[in-house]
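Residue numbers (the numbering used here): 6 to 212.
Note that beta-carbon positions come from the ideal geometry of N, C-alpha and C, so glycine has one too.
Keep in mind the model is a prediction, meaning the values are calculated, not measured.
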Ligand SMILES: Cc1cc2nc3c(=O)[nH]c(=O)nc-3n(C[C@H](O)[C@H](O)[C@H](O)COP(=O)(O)O)c2cc1C
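Written as structure tokens, this is what we have:
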């Protein structure tokens with residue numbers, strides 16, 4: 006009887022964890038789907054550097070994103086210079102401090118060893134959209150290589166401001182380009198976070 010109860014308890018635990026983990030067997034067998042479904046925004050990085058080889062692969066994946074008429078309306082800067090990364094973080098913290106003193110120590114780029122800054126061609130109507138495809142390729146390629154990423158738009162207010170002129174000049178973007186987001190990139194420090202909830206109610210199948 007005890008054995009039967011133990012068996013039932015184990016089955017119940019197994020069933021619960023199966024229903025929580027929505028990945029089907031097909032998804033687990035498929036590396037692309039696994040990469041998409043297991044990627045998370047990572048907000049804590051070690052100081053271990055990212056290899057040049059990894060950066061090359063990530064950038065190759067990035068620029069192989071689709072774009073309307075293959076216009077590639079993006080400019081991408083891979084920032085490894087810690088002084089520049091800190092200047093961006095300090096600039097954002099300074100602005101945030103004005104809103105709330107608690108934000109003064111906020112490291113919006115999570116002190117990541119690499120930050121990729123992406124700017125869109127403002128004269129291209131699909132510029133922002135196409136930069137989005139490019140960004141997703143960065144996130145997925147990095148995750149497939151065991152690296153963590155987080156898209157960061159929170160630095161934009163600072164990067165668009167007059168205060169950031171000196172910093173942004175170093176990024177060397179052409180005149181008609183506007184920074185749209187940064188991506189923190191590095192080796193994740195902590196365990197991979199749980200998946201954030203997704204709303205299937207936003208999807209309808211129309212037969
Ligand atoms: C355009 C964009 C801007 C974002 N900006 C920030 C940001 O400034 N800071 C941050 O911690 N996360 C930022 N994120 C990450 C989102 O919070 C995250 O993608 C979302 O909560 C879902 O979690 P997941 O990426 O782990 O699936 C941004 C994501 C996107 C797509």
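Which of helix, strand or coil DSSP assigns to residue i
i, result
"residue 28", "coil"
"residue 37", "helix"
"residue 183", "strand"
"residue 188", "strand"
"residue 201", "coil"
"residue 208", "coil"
"residue 173", "helix"
Own chain partners of residue i with C-beta closer than 6 Å, once the 5 adjacent residues on each side are dropped
i, result
"residue 109", "98, 102"
"residue 67", "139, 142, 143"
"residue 85", "119"
DSSP beta-bridge partners of residue i
i, result
"residue 46", "154"
"residue 193", "50"
Neighbourhood of residue i by C-beta, 7 Å cutoff - its chain only, sequence neighbours within 5 removed
i, result
"residue 113", "94, 97, 157, 159, 160"
"residue 52", "118"
"residue 115", "48, 49, 50, 155, 189"
"residue 26", "Any answer about residue 26 is weak, because its pLDDT of 49 lies below 50 and its placement is not dependable; what the coordinates show is given next. No residues qualify anywhere along the chain."
Sequence-distant residues of its chain with Cβ nearer than 8 Å to residue i (five each side left out)
i, result
"residue 135", "70, 71, 72, 73, 76, 77, 78, 79, 125, 129"
"residue 208", "none"
Whole-angstrom C-beta distance between residue j and residue i, which should lie under 8 Å
i, j, result
"residue 42", "residue 28", "6 Å"
* Asked: Considering only residues of the region 58-118, which uninterrupted alpha helix (DSSP H) runs meet the minimum length of 4 residues and lie entirely inside it, listed in chain order?
  -> Restricted to the region 58-118, the alpha helix (DSSP H) segments that are unbroken, complete and at least 4 residues in length are 87-104, listed in chain order.
* Runs of alpha helix (DSSP H) lying entirely within the region 121-170, each at least 4 residues, in chain order -> You should have 132-149, 161-164.
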